[in-house]
Amino acid sequence: MTTRVGVVTFPGSLDDRDAQRAVKLAGGEPVALWHGDKDLHQVDAVILPGGFSYGDYLRCGAIARFSPVMETIIDQARAGLPVLGICNGFQVLCESHLLPGALTRNDHLHFICRDQRLRVENAATAWTADYTAGQEITVPLKNGEGGYVADERTLDELEAEGRVVFRYLGGNPNGSRRDIAGITNEAGNVVGLMPHPEHAVEALTGPTIDGLGFFTSALRKLVA
Amino acid sequence: MSLDTVKHAADTPEAPQPWAELGLKRDEYDRVREILGRRPTGAELAMYSVMWSEHCSYKSSKVHLRQFGDKAPHSDALLVGIGEQAGVVDVGRGIAVTFKIESHNHPSYVEPYQGAATGIGGIVRDIIAMGARPVAVMDPLRFGAADHPDTRRVLPGVVAGIGGYGNCLGLPNIGGEVVFDPCYQGNPLVNALCVGVMKHEDIHLAKAAGAGNKVILYGARTGGDGIGGASILASESFDSTKPSKRPAVQVGDPFQEKLLIECTLEVFAEGLVTGIQDLGAAGLSCATSELASNGSGGMRVELDTVPLRDSSLSPEEILMSESQERMCAVVEPANVDRFLEICAKWDVIATVIGEVTDGDRLEIFWHGEQIVDVPPRTVAHEGPVYDRPQARPAWLDALRADDPAALPRPADDAELRAQVLALVSSPNQASKAWITAQYDRYVLGNTVLAQPEDSGMIRVDEESGLGVAIATDGNGRYAKLDPYAGAQLALAEAYRNVAATGATPLAVTDCLNFGSPEDPSVMWQFAEATRGLADACLTLGTPVTGGNVSLYNQTGEAAIHPTPVVGVLGVIDDVARRTPMAFREAGQLLYLLGDTADEFGGSAWSQVVHGHLGGLPPKVDLERERLLGEILVSASRDGMIDAAHDLSDGGLVQAVAESCLKGGQGARLVVPDGLDAFTFLFSESTGRAVVAVPRGEEVRFTDMCAARGLPAARVGVIDGDAIEVQGAFTLPLDELREAHERTLPALFA
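Protein chains in written order, with our numbering: chain A, 1 to 224; chain B, 225 to 973.
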């Protein structure tokens with residue numbers, strides 16, 4: 001039986017179809033989830049895609065966090081459901097307090113779209129098991145509010161517990177503290193990052209296929 | 225003051241009306257009175273004035289635009305031609321593509337961010353209204369001098385507006401142009417192109433047919449933004465107690481537009497729509513009159529049902545408001561409930577505001593009283609048409625006589641090298657990455673090529689790899705020297721750019737940016753350019769499917785260079801066969817295709833090195849362009865070339881520099897026999913491209929060129945980490961990259 005990976009569509013989600021394509025290319029079955037529906041339709045993992053949910057009104061991710069689907073996702077994530085938040089999805093995870101910290105406006109105040117080198121710092125999460133620690137990958141980055149911030153104590157904790165999953169290489173693109181591009185929760189089932197692995201799954205349309213490992217990691221873990 | 229009803233208008237024939245303030249001429253106002261057999265009501269005057277404006281009626285350009293239909297080449301691919309909201313082209317496999325370019329020049333000067341943002345919004349709604357899912361945008365931009373203080377105000381705002389709206393809409397921005405020239409100071413050109421994809425059976429046209437069908441307004445509430453003439457109407461004549469004029473530039477909300485896209489595609493998919501139109505310029509005036517005019521003619525609208533952001537708006541203002549993110553659909557009564565349900569799912573406000581009638585009048589009511597009673601065709605399609613006087617500009621002969629042959633050329637190799645660096649670092653030739661990095665090029669996951677490639681390329685069918693390529697080009701300097709040739713050169717360049725990526729050019733959209741049509745020399749330029757473009761489209765077999773005219777790009781006596789911007793759409797069977805621009809493999813051979821002559825009129829070299837504009841633009845040879853295109857497409861399909869880059873402004877050295885920097889490889893160049901190094905590097909002769917040929921393909925490729933009569937000269941090899949022009953100079957890639965990439969950040973970051 002194929003593994004079912006839910007991809008949530010909020011009003012204003014943009015990279016939802018891309019996340020579905022990535023799941024499919026990795027061998028899974030993408031399942032479209034609707035923000036207004038609490039039912040997760042028995043999916044084995046969930047992706048919160050990039051975009052501008054609810055127009056980024058108030059704060060990025062601030063309204064999405066209160067949508068019906070998120071109630072269920074928050075509960076199940078605490079029970080171990082693998083959840084990946086990409087870009088706006090990462091912002092939603094922070095607003096939901098499934099991950100610590102927050103994302104702020106890029107320090108240079110511009111939206112930036114570029115091919116971003118990253119170092120995989122933690123290859124033990126649900127979404128990074130197919131990488132090796134220290135591996136360097138390149139995936140697209142595109143956001144206006146990607147500066148990761150948290151208080152010093154939280155940052156120290158994240159570092160100490162190995163919960164920094166990705167770090168920017170070749171220049172910090174947005175002023176993120178300690179070059180942090182992505183983090184995980186204590187259990188390692190919830191991962192959020194600003195760069196877009198779902199846009200690096202085909203040689204034809206992406207800079208690399210380095211992003212495919214996210215999706216194969218989750219599928220492998222779920223089969224095992 | 226009381227409501228100006230139809231009855232009141234009939235009873236008060238001599239009441240003064242602000243027709244002049246609304247931009248109507250005396251004879252136009254008289255014609256409205258003649259059509260109606262009475263004076264118009266305030267609401268009717270509002271509708272006629274805005275619909276008969278240059279922007280909406282094309283009254284000065286219509287007589288010239290007819291050529292695009294009259295001279296259109298036959299094309300089996302054309303499913304919907306000129307005249308609809310956007311043209312539709314068959315690309316095979318039951319898939320159709322629609323694309324169109326529009327201008328948002330004046331608003332972008334007044335309020336750069338919102339002007340540019342709503343320019344994207346408007347063109348995207350045109351594409352949705354055809355029944356297509358928008359899949360990409362492009363932005364040809366022109367600004368004043370790069371170092372002028374006002375360019376620092378306008379450019380960052382425009383770029384942020386395009387990014388802010390397009391990124392939030394989830395549409396990849398795959399290309400365009402950025403050009404600086406003092407002639408655009410005070411009149412920046414902000415053009416926007418959108419391309420959409422649909423199945424053949426999903427094509428929708430704007431018409432209201434079938435008495436009893438409901439007219440549904442959906443999307444954003446109507447506010448006071450974007451009211452140009454109406455504020456004059458409301459504040460200076462009808463009710464002087466109102467607040468001051470409202471902002472004439474619209475304010476965009478891309479989130480609302482994103483919902484509108486998804487909602488519209490869903491009502492299309494369920495077959496709930498009989499006719500549809502977006503609300504752009506002239507808002508409800510335009511949508512109701514055009515829908516009715518394209519249908520059987522009758523429509524009744526209850527204007528007081530329109531959801532408002534500001535309850536104090538007058539009926540005239542509601543009719544003229546250009547509030548963004550609104551659409552108007554005609555829906556059969558049985559489908560209304562389902563239509564409203566889908567809108568509710570997407571949190572889109574939808575209201576039945578009227579219905580199609582079996583009469584032939586557009587009737588609009590305000591709280592039960594009739595304020596409009598007009599034949600809709602007279603508003604939408606039978607406006608005034610002018611064949612304005614033309615005069616060949618008096619200055620033209622002197623300009624053409626100022627031949628660039630007289631300009632000093634580099635005296636030695638060191639000067640030649642310095643001029644190459646000056647060229648690649650000049651604002652027009654420098655890297656545009658600082659701008660394009662602010663646009664999302666990845667979203668939707670089908671972007672195969674994006675800027676700075678010769679054309680943007682989008683996969684439209686994931687199974688077969690079927691794709692489309694689009695390029696936009698224009699060169700105001702060429703067109704200033706010769707508008708007939710300038711328009712043809714714009715088409716030729718866009719055509720070449722599409723072919724260079726391996727796609728077969730199919731169809732054209734254009735955005736004709738000119739000065740004031742009331743100036744006979746501008747009108748002459750316009751007539752020459754349209755004639756040139758129509759003739760060239762006929763020769764190349766690529767019909768114009770639609771586009772836009774922007775006039776009055778003029779401050780005082782100074783008009784912009786005539787700037788026809790041409791977009792060409794091509795099709796490629798399998799995007800995996802695309803030809804990128806980057807030189808990636810050391811050892812591959814560089815071939816220069818086409819003929820190189822001593823042609824420097826309007827060239828980048830003459831501008832950068834001498835600040836000069838004069839002489840004649842490069843010679844147009846459309847048969848050669850067609851042959852070059854065929855060779856480039858064949859070579860791509862059969863895997864004979866690994867990279868290709870068209871030669872245009874800046875000549876060969878600019879193209880080689882870009883391809884080397886993109887691929888991170890150097891090149892050794894040899895000046896071919898019969899040419900001097902200067903002409904070889906900087907000439908802007910047309911019908912040329914540089915290609916990288918793997919050694920194993922050399923014989924097959926050169927045999928093909930020889931057999932079909934295309935000159936192909938081996939001019940070098942990909943090698944090393946510098947551009948070396950043998951016997952002249954060496955330019956390390958690092959130095960080249962620094963020069964090419966530092967310019968725009970230094971000016972605008």
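For every residue, glycine included, the Cβ atom is placed at its ideal position computed from N, Cα and C.
Relative to the alpha-carbon of residue i, which residue among the options has its alpha-carbon at the smallest distance?
| i | options | result |
| --- | --- | --- |
| proline 599 of chain B | B:Ile588, B:Leu730 and B:Glu593 | B:Ile588 |
| tyrosine 272 of chain B | B:Asp363, B:Val378 and B:Val596 | B:Val596 |
| proline 100 of chain A | A:Ala19, A:Gly192, A:Asp56 and A:Leu109 | A:Gly192 |
| glycine 991 of chain B | B:Asp797, B:Glu849 and B:Ala760 | In the structure as shown, chain B begins at 225 and stops at 973. Residue 991 of chain B is therefore absent and cannot be evaluated. |
| glycine 920 of chain B | B:Val230, B:Gln812 and B:Ser909 | B:Gln812 |
| alanine 638 of chain B | B:Phe953, B:Leu302, B:Ser284 and B:Asp798 | B:Phe953 |
| proline 396 of chain B | B:Val402, B:Gly385, B:His372 and B:Met362 | B:Met362 |
| aspartate 697 of chain B | B:Gly726, B:Thr733, B:Lys704 and B:Asp664 | B:Thr733 |
| glycine 162 of chain A | A:Asp44, A:Ile180 and A:Cys94 | A:Ile180 |
| alanine 868 of chain B | B:Glu823, B:Leu705 and B:Leu816 | B:Leu816 |
| alanine 19 of chain A | A:His41, A:Asp37, A:Gly51 and A:Pro11 | A:Gly51 |
| isoleucine 784 of chain B | B:Tyr408, B:Asp759 and B:Lys431 | B:Tyr408 |
| lysine 843 of chain B | B:Phe925, B:Ser872 and B:Asp862 | B:Ser872 |
I need the boundaries of the beta strand (DSSP E) containing residue i, first residue and last residue.
| i | result |
| --- | --- |
| phenylalanine 166 of chain A | 164–169 |
| serine 327 of chain B | 319–327 |
| leucine 413 of chain B | 413–423 |
| proline 729 of chain B | 728–737 |
| threonine 696 of chain B | 691–697 |
| glycine 115 of chain A | Note that residue 115 of chain A corresponds to aspartate in the displayed sequence, not to glycine. Looking at the DSSP string, the run of the beta strand (DSSP E) that includes aspartate 115 of chain A is 112–120. |
| arginine 892 of chain B | 891–893 |
From residue i to residue j, what does the alpha carbon distance come to, in whole angstroms?
| i | j | result |
| --- | --- | --- |
| histidine 836 of chain B | glutamine 749 of chain B | 21 Å |
| threonine 205 of chain A | glycine 400 of chain B | 19 Å |
| arginine 470 of chain B | glycine 448 of chain B | Its pLDDT being 49, under 50, arginine 470 of chain B is placed unreliably in this model, and the value from its coordinates should be taken loosely. Between arginine 470 of chain B and glycine 448 of chain B, the C-alpha separation is close to 6 Å. |
| threonine 9 of chain A | valine 69 of chain A | 10 Å |
| aspartate 463 of chain B | proline 49 of chain A | Reliability fails at aspartate 463 of chain B, whose pLDDT of 42 lies under 50, so the model's placement of it is uncertain and no value is given. |
| leucine 846 of chain B | alanine 716 of chain B | 7 Å |
| cysteine 761 of chain B | alanine 711 of chain B | 10 Å |
| serine 827 of chain B | glutamate 752 of chain B | 21 Å |
| alanine 458 of chain B | glutamate 494 of chain B | Only weak support is given to the placement of alanine 458 of chain B: the predicted model assigns it a pLDDT of 43, under 50, and the value that follows is read from those uncertain coordinates. Looking at the two C-alpha atoms, the distance is approximately 41 Å. |
| leucine 623 of chain B | leucine 484 of chain B | 50 Å |
| glycine 6 of chain A | glutamate 202 of chain A | 21 Å |
| leucine 417 of chain B | isoleucine 386 of chain B | 11 Å |
| histidine 232 of chain B | arginine 255 of chain B | 20 Å |
| threonine 581 of chain B | asparagine 437 of chain B | 8 Å |
| valine 857 of chain B | alanine 800 of chain B | 13 Å |
| threonine 974 of chain B | aspartate 371 of chain B | Outside the displayed range of chain B (225 to 973) lies residue 974 of chain B, so it cannot be described from this structure. |
| methionine 681 of chain B | tyrosine 663 of chain B | 16 Å |
| valine 684 of chain B | valine 795 of chain B | 10 Å |
Could you check where the alpha helix (DSSP H) with residue i kicks off and where it finishes?
| i | result |
| --- | --- |
| arginine 550 of chain B | Taken as a continuous stretch (DSSP letters only), arginine 550 of chain B belongs to no alpha helix (DSSP H), being part of the beta strand (DSSP E) at 550–555. |
| glycine 381 of chain B | 373–393 |
| asparagine 721 of chain B | 707–724 |
| valine 491 of chain B | 478–493 |
| phenylalanine 367 of chain B | Counting along the chain, phenylalanine 367 of chain B falls outside any alpha helix (DSSP H), though it belongs to the beta strand (DSSP E) covering 357–367. |
| asparagine 518 of chain B | 507–518 |
Buried or exposed: which applies to residue i, given that a residue is buried once 16 or more other Cβ atoms fall within 10 Å of its Cβ?
| i | result |
| --- | --- |
| aspartate 39 of chain A | exposed |
| tyrosine 442 of chain B | buried |
| tryptophan 619 of chain B | exposed |
| lysine 482 of chain B | buried |
| serine 468 of chain B | With a pLDDT of 44 at serine 468 of chain B, under the threshold of 50, the modelled position of this residue cannot be trusted, and the question is left open. |
| threonine 132 of chain A | exposed |
Could you confirm whether any beta carbon from chain D is found closer than 9 Å to the beta carbon of residue i?
| i | result |
| --- | --- |
| glycine 147 of chain A | Protein chains in the displayed structure are A and B, and chain D is not among them. |
Does the region 486–494 of chain B touch the region 349–360 of chain B, meaning 3 or more C-beta pairs lie closer than 8 Å? yes
Evaluate contact between the region 830–849 of chain B and the region 637–653 of chain B, counting only Cβ atoms and requiring at least three cross-stretch pairs below 8 Å. yes
Contact the region 879–890 of chain B vs the region 785–799 of chain B: 3+ CB pairs below 8 Å: no
If you pair each beta-carbon of the region 100–114 of chain A with each one of the region 75–82 of chain A, do three or more pairs fall below 8 Å? no
Okay, do the region 543–550 of chain B and the region 406–426 of chain B touch, 3+ Cβ pairs below 8 Å being the bar? no
Tell me whether the region 574–583 of chain B and the region 523–534 of chain B touch, counting them as touching only if at least three CB pairs, one residue from each stretch, are closer than 8 Å. yes
Examine the Cβ distances between the region 109–124 of chain A and the region 59–67 of chain A and report whether three or more of them are shorter than 8 Å. no
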